[in-house]
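Visitor: Heads up: the sequence shown runs through residues 53 to 222, numbered per the numbering used here. Would you mind keeping the following structure in view while I ask a few things?
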Amino acid sequence: MNKIWYGVGFSIIPFFVLVLGYLNVHPELYRSVPASFSDPASYPSTKIAWNDEEEKKNPPIQFVSSDHKGLNVWTEIKTIKSFWDLWNSPSSELEYEWEYVVKNISDDKISITVYYKLVDENDNELSENSRTDTVDPGETLTLKNTHRIDYDKLSLVARGSWSISNRVAR
Numbered sequence: 053m054n055k056i057w058y059g060v061g062f063s064i065i066p067f068f069v070l071v072l073g074y075l076n077v078h079p080e081l082y083r084s085v086p087a088s089f090s091d092p093a094s095y096p097s098t099k100i101a102w103n104d105e106e107e108k109k110n111p112p113i114q115f116v117s118s119d120h121k122g123l124n125v126w127t128e129i130k131t132i133k134s135f136w137d138l139w140n141s142p143s144s145e146l147e148y149e150w151e152y153v154v155k156n157i158s159d160d161k162i163s164i165t166v167y168y169k170l171v172d173e174n175d176n177e178l179s180e181n182s183r184t185d186t187v188d189p190g191e192t193l194t195l196k197n198t199h200r201i202d203y204d205k206l207s208l209v210a211r212g213s214w215s216i217s218n219r220v221a222r
């Protein structure tokens, strides 16, 4: 057998094994915000579905706009102490931001809570967070929040979903 194959076996193969291990513990090199995550087609419905008939006839708030986008991928830093640590991938999270804009069209100061959920195809909740603020009559309120979701769950996300509650602020 040719001696060149010994060089291949003892140098190139271990080199590729170490490169694969390096890529495994540094997923930030190939993980990014999926383009489909910030796609406007995946935005939630923009209508407010009123449950109360009185509010449906005379709504206290009016939808203005909504938005959501992926901001960054955060990856845990691993400490490598042995060769076997190269095969334990660190966890990553996607940080995203949502924004919901409503106008108070009532005569009262209102406290508004917006819940933003990421759901899968079966409407199972993968992530939920909320934001509450008060708005004066005739004013427009922008509610913004950032949150993180496990990167491994991103492939399950089918769409976003809004829930809104309001009450007269005292």
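Virtual Cβ for every residue (Gly too), placed ideally from N, Cα, C.
Below 6 Å CB to CB, which residues in the same chain sit around K155 once its five sequence neighbours on both sides are set aside?
Guide: Position 103 of the sequence shown, counted from the start, is the residue given in the question as residue 155. These residues qualify, in order along the chain: Q114, V116 and T192.
Visitor: Say whether the segment 128-145 touches the segment 163-178, bearing in mind that this needs 3 or more beta-carbon pairs closer than 8 Å, one atom from each stretch.
Guide: no
Visitor: Where does D172 sit, in a helix, a strand or coil, going by DSSP?
Guide: The residue labelled residue 172 in the question sits at position 120 within the sequence shown. Correct three-state label for D172: coil.
Visitor: Just to confirm the assignment, what range does the alpha helix (DSSP H) spanning W228 have?
Guide: An answer regarding residue 228 cannot be provided, because it is not within the stretch 53 to 222 covered by the chain.
Visitor: Could you have a look at V16 and say whether DSSP puts it in helix, strand or coil?
Guide: Since the displayed the chain opens at 53 and closes at 222, residue 16 lies outside it and no answer follows.
Visitor: Any chance the segment 161-175 sits against the segment 206-216, with 3 or more Cβ pairs inside 8 Å?
Guide: yes
Visitor: Check each candidate in S134, E147, D104 and P112 and name the one with the smallest Cα separation from G122.
Guide: Against the sequence shown, residue 122 aligns to sequence position 70. Checking every option, the nearest Cα to that of G122 belongs to E147.
Visitor: Considering only residues of the same chain and omitting the five flanking positions on each side of L70, which have a CB-CB separation below 8 Å?
Guide: Counted from its first residue, the sequence shown places residue 70 at position 18. Scanning its chain for C-beta atoms nearer than 8 Å, with the 5 sequence neighbours on each side dropped, one finds around L70 the residues L138, in chain order.
Visitor: Since I believe T194 is in contact with E151 (beta carbons under 8 Å), could you give me their beta-carbon distance rounded to a whole number of angstroms?
Guide: Here residue 151 refers to the residue found at position 99 of the sequence shown. Here residue 194 refers to the residue found at position 142 of the sequence shown. At roughly 6 Å, the Cβ-Cβ gap stays under 8 Å, so E151 and T194 are in contact.
Visitor: In the DSSP assignment, find the beta strand (DSSP E) that holds N76 and state where it starts and stops.
Guide: Your numbering for residue 76 matches position 24 in the sequence shown. That residue, N76, is in no beta strand (DSSP E); its alpha helix (DSSP H) goes I65 to V77.
Visitor: Alpha carbon to alpha carbon, how far is I56 from Y74? Give it in angstroms, no decimals.
Guide: Here residue 74 refers to the residue found at position 22 of the sequence shown. Here residue 56 refers to the residue found at position 4 of the sequence shown. About 26 Å.
Visitor: Sort out for me which residues DSSP pairs F115 with in a bridge.
Guide: Locating residue 115 in the sequence shown gives position 63, counting from the first residue. V154.
Visitor: Of the residues E173, G190 and T184, which one's Cα is nearest the Cα of K161?
Guide: One-based indexing of the sequence shown puts residue 161 at position 109. Residue G190 is the option with its Cα nearest to K161.
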